[in-house]
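Heads up: the sequence shown begins at 940 in my numbering, then just goes up one per residue.
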Amino acid sequence: MDRKTFKSQVGRILLTESVIASHVVSLAEQIKAAYADSNKVTVLVLLSGAKRFADELFERINDEKFRLRYLTVSSYDGTRSNGKAVISGDTGDVAGQEVLIVDDIYDSGLTISDVLKKVKQGRPHQIRTCVLLEKQTRHRKQVVIDFKAAVVPDCFVVGYGLDYNGKYRELSFIAELNIAGI
Ligand code: IMP
Ligand code: MG
């Protein structure tokens, strides 16, 4: 993509690379403390948006008791949620275990609430949730978020794993998508 197209589509930077890095450090500390007495935690990472966040977070935590698994969930088409989360992948056997769900952003809440429903069927002992971002919007489904880095305004954001139709995941910062430019 040429520079002009990029500039017209990627708007205001909301979180710089160094701000994200410091949020990751602080979340890593919170998660380590919260699971200090646990010996095994199943971490369910929701692909594709949370991949980069989870990679950096668990590299930082650096503790093998956290076992990462991946679920692919998609509900977005362009900048609109199509209202139904399609979950593919397997949670594994979570009966009696501690589970931590990791997503990129809590927006309408449909994704996390659908994933929670699926995970609960496996009868875990406890489920907690972690997101990089919470969007300041009316959540259609209210879910409890146990670990969160930052709140962003009610706009479509891209970068650091978050995409717009597959684009901009590779950015190391998080920016507002300029809808007028697309
Ligand atoms: P929810 O189901 O509406 O809470 O949306 C959660 C999912 O939609 C997230 O896992 C993201 O993958 C995607 N999503 C929601 N808002 C944005 C955004 O602003 N940018 C990129 N992806 C988003
Ligand atoms: Mg997602």
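Each residue gets a CB set at the ideal place from its N, CA and C atoms; glycine is no exception.
Here the structure is a predicted model, which is why all the values come from computation and not from measurement.
Would DSSP call residue i helix, strand or coil?
| i | result |
| --- | --- |
| Glu1073 | strand |
| Asp994 | helix |
| Val1058 | helix |
| Glu956 | helix |
| Val964 | helix |
| Arg1108 | coil |
| Gly950 | strand |
| Thr944 | helix |
Am I right that residue i and residue j are in contact with their C-beta atoms under 8 Å? What's the rounded C-beta distance?
| i | j | result |
| --- | --- | --- |
| Asp1043 | Ile1051 | Not really, about 11 Å apart at Cβ, beyond 8 Å. |
| Ala1024 | Val1012 | 5 Å |
| Tyr1099 | Arg951 | That belief does not hold up - the Cβ atoms of Tyr1099 and Arg951 are roughly 15 Å apart, past 8 Å. |
| Glu1115 | Cys1094 | 5 Å |
Confirm, please, whether the CB-CB distance from residue j to residue i is below 8 Å.
| i | j | result |
| --- | --- | --- |
| His1064 | Gln1036 | yes |
| Ile1121 | Gln948 | yes |
| Thr1030 | Leu996 | no |
| Lys971 | Asp941 | no |
| Leu953 | Val1070 | no |
| Val1082 | Tyr1045 | yes |
| Lys1057 | Ile1084 | no |
| Arg999 | Thr981 | no |
Output needed for residue i: all residues of its chain with C-beta closer than 6 Å, excluding positions within five of it in sequence on either side, in chain order.
| i | result |
| --- | --- |
| Leu1101 | Gly988, Asp1043 |
| Asn978 | Lys1004 |
| Lys943 | none |
Is residue i close to the ligand IMP? I mean its beta-carbon at under 7 Å from any heavy atom of the ligand.
| i | result |
| --- | --- |
| Gly988 | yes |
| Asp1002 | no |
| Lys971 | no |
| Tyr1099 | no |
Between residue i and the ligand MG, is the CB less than 7 Å from at least one heavy atom?
| i | result |
| --- | --- |
| Val1041 | no |
| Thr1050 | yes |
Output needed for residue i: all residues of its chain with C-beta closer than 7 Å, excluding positions within five of it in sequence on either side, in chain order.
| i | result |
| --- | --- |
| Glu956 | Ser1111, Phe1112 |
| Glu1109 | none |
| Thr1076 | Asp1046, Asp1093 |
Under 8 Å Cβ to Cβ from residue i, same chain only, skipping five residues before and after it: list those, please.
| i | result |
| --- | --- |
| Leu1055 | Ile1040, Ile1066, Thr1068, Val1082 |
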